[in-house]
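Have a look at the structure below, then the notes.
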Amino acid sequence: MNAELAPPLVVDLNAWPGIVVSVTDDRIVASNGLLEKLIGGAVIGRAITDLLDPESSRRKWERIVADRASDSGRGWELVFRGGSSLLEPRTFSASFDSGSDTVWLVEHPMDKRVAAMSGQMEALNSELSTTQRALVKEQARLAAALKDLERSNAALDEFAHAASHDLKAPLRAIIDYAELIESEVGNDLPEEPRSYLARVAALSLKMRRMIDAVLEYARIGRLSSSAEVADSGQVLRELIDFLAPPSDVQIELSQPMPVFEMERVPFEQVFRNLLSNAIKYRRAEDARIRVSVADENLNWRFVVADNGPGIPASQQQRIWGLFHTSRPGDSTGIGLALVKRIVDSQGGQVFVESTPGNGARFSVVWPKTPRAAARVSR
Amino acid sequence: MIESGQFLDALVRGDRRAADRLVDGLLDRGEGLEHVYLEVVQPAMSEVGRLWQENELTVAEEHLATAITQAVMGRAFERVYRWHDSRTPSLIAACVDEERHQMGLRMLCDLLELDGWDTSYLGASVPIEALVSMVEKREPEAVALSATISPHLPRLRAAIEAIRGSKVATQPLIIAGGRALAGDAALASRLGADLTAKDAGEAVEMLRSRVSRAHR
């Protein structure tokens, strides 16, 4: 480097690139040798405009020259041409030698950690913005899907209501006509046709019960119901009183039973069905039913256990299906399907374990916190 | 453009709230996202680039302006976006280099999305294999690629070649853009792209007319 020119800045010239450039012809007249390493090649004698990235930095050189008079002491961020490692701008100070047409360009030491951190922040910010966009799309898609679902639920409700209404009217007429025939000519009929008439009436009544049950099934989970704090032991005792089990059936509730915030109507529907099933499918003598509860962090696990005939393994999955019953004569086969649908809609789970001959255990996992919709509607 | 000038002021001051307020006001007044992006945000960001060249802004200030703009765009898009079904045609957009301020691509995606396109904006530094497998999986009608600086043009060419070699029933239309191409159609076609645009607005127009003919 030119020894006659003293470095104008207090920096270690062995650590940071420094060059002296002529303002008259843009040529580099001196260098401390570090810029050469950076761009890989000689720089003395070359025009600085050829070394700078044309897109970002050539104009800056013109500004540096134009700025000469004011010499504001600002740093200049310059990008040199070359490989991609040179693309990060480097900050140079520009100092003019008084009375001569040369300028010293010396790079400012920069804190690499700050630079690395700012790079990280920038990358994070971009990722965040890309992710946020994907999230906005997904959210909009879900909102549209929810609207569709609400529409189809409403349509289903309407369908179930209309269908059950339209089916029940002719059914009512069938029952009425059967009764009419029975009262007008019943006594004159031979025994066999008379028994057919009785079957028509009984089956029509059963069909009406099934239609009502389907309607109820279709509505579960969509009926608005509000949550209240209730004593589950008290609710179960009232249910048992209502079911009025025969005197040979012993029903026992374990103590204590939890008091918690629940949607009371669906809770009652579930246990009314489980208890009445346990009573209906009891053993001939010494029938016992026991209801117990366990605390499972976020849920209560209620167990209804009986000592009835149990359920064969082959049936244990099928019992949850609509219209499945082992006694087609006196059951609509909707009870357990209702139970499962209600428990699912509450965000819970229901299971059965049974060894034929040794009773059945129905476990109901019921969330301690009611559904958001139930809480909001309070 | 007064609004663009006000937006630029907010960016230069690093005042994100002011930038948000300005764009919120425009949307409240019924201006569309296209106006906000192309008439307000884009000119302000070009001006930020010019101010850096004039040495009026530092790189740090430019980065802050970019971050604010990304956030403002995110908010604006969220406000106006509504899902509609049967989203076709589709577009995949990616930057082949590490340049992280790809606002042009983001604008392109957002504006087409409002037209009913299904766009996937993959962001920066997407590995070529990942891009190709995405193209094979989604079979988009168009792929938009951008490169900001000339040293990344070979990477852009490699990405285009890889897409051309992908196993798809119909080759997507490839549109390439970014500062490194500066809307130079000859350069873009030498690299294998079908189209190039100088900015997001032009790219939106091109894709609207080119793809709509085949798909509507």
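Protein chains in written order, with our numbering: chain V, 2 to 379; chain L, 3 to 218.
Backbone N, C-alpha and C fix where the C-beta goes; we use that ideal spot for every residue, glycine too.
Remember, it's a predicted structure, so these values are computed and weren't measured experimentally.
Chain V has a Cβ within less than 9 Å of the Cβ of L/M75.
The C-beta distance from L/L35 to L/E5 rounds to 14 Å, too long to meet the 8 Å contact threshold. At a cut-off of 9 Å between beta-carbon atoms, V/W77 makes contact with chain L.
Residue pairing by DSSP puts V/N300 in a beta bridge opposite V/E297 and V/P368. Residues are counted here when their Cβ sits less than 7 Å from a Cβ of chain L; for the stretch 47-61 of chain V these are E56, S57, R60 and K61, given in chain order. Residue pairing from DSSP places V/F363 in a beta bridge opposite V/V305 and V/V353.
Taking C-alpha positions only, L/G106 is separated from L/A67 by approximately 15 Å.
By the Cβ criterion, the stretch 351-362 of chain V is not in contact with the stretch 241-249 of chain V, since fewer than three pairs of Cβ atoms, one from each stretch, lie closer than 8 Å.
Taking a beta-carbon distance threshold of 9 Å, V/N33 does not count as an interface residue toward chain L. Among the residues of the stretch 48-64 of chain L, those with a Cβ less than 8 Å away from any Cβ of chain V are W54, Q55, E56, N57, T60, V61 and A62, in the order of the chain. For V/I320, there is no enclosing beta strand (DSSP E), as DSSP gives it neither H nor E.
By the Cβ neighbour-count rule, V/N274 is buried, with 16 or more other Cβ atoms within 10 Å of its own. L/E163 is outside the set of residues whose beta carbon lies under 9 Å from a beta carbon in chain V. Rounded to the nearest whole angstrom, the C-alpha separation of V/T50 and L/A144 is 39 Å.
If you check each beta-carbon in the stretch 141-152 of chain V against every beta-carbon of chain L, the ones closer than 8 Å belong to A141, R142, A144 and A145.
Taking a beta-carbon distance threshold of 9 Å, V/Q133 counts as an interface residue toward chain L. Chain-order list of chain L residues neighbouring V/R64: Q55, E56 and N57, by C-beta distance under 9 Å.
In this structure, L/A146 places its C-beta atom within 9 Å of the C-beta atom of L/I177. Sorting L/T150, L/G167 and L/A190 by C-alpha distance to the C-alpha of V/D54 places L/T150 at the top. Looking at the DSSP output, L/Y123 bridges to L/A95.
In terms of CA proximity to L/I94, L/K139 leads the group L/E204, L/V14, L/G185 and L/K139.
Apart from sequence neighbours up to five positions away, the residues of its chain that approach L/L40 with a beta-carbon distance below 6 Å are G203, ordered along the chain. Against V/V137, the close residues of chain L are G76, F79, E80 and Y83, in the order they occur along the chain (beta-carbon pairs closer than 9 Å). Contacts with chain V (Cβ-Cβ distance below 8 Å) from the stretch 171-193 of chain L involve R181, listed in chain order.
Boundaries of the alpha helix (DSSP H) around L/R18: R18 to D30.
Taking CB atoms only, L/T90 has no neighbour in chain V less than 9 Å away. In the DSSP secondary-structure assignment, V/D232 is bridged to V/V260. Using a Cβ-Cβ cut-off of 9 Å, L/A69 counts as an interface residue toward chain V, since at least one Cβ of chain V sits closer than that to its own.
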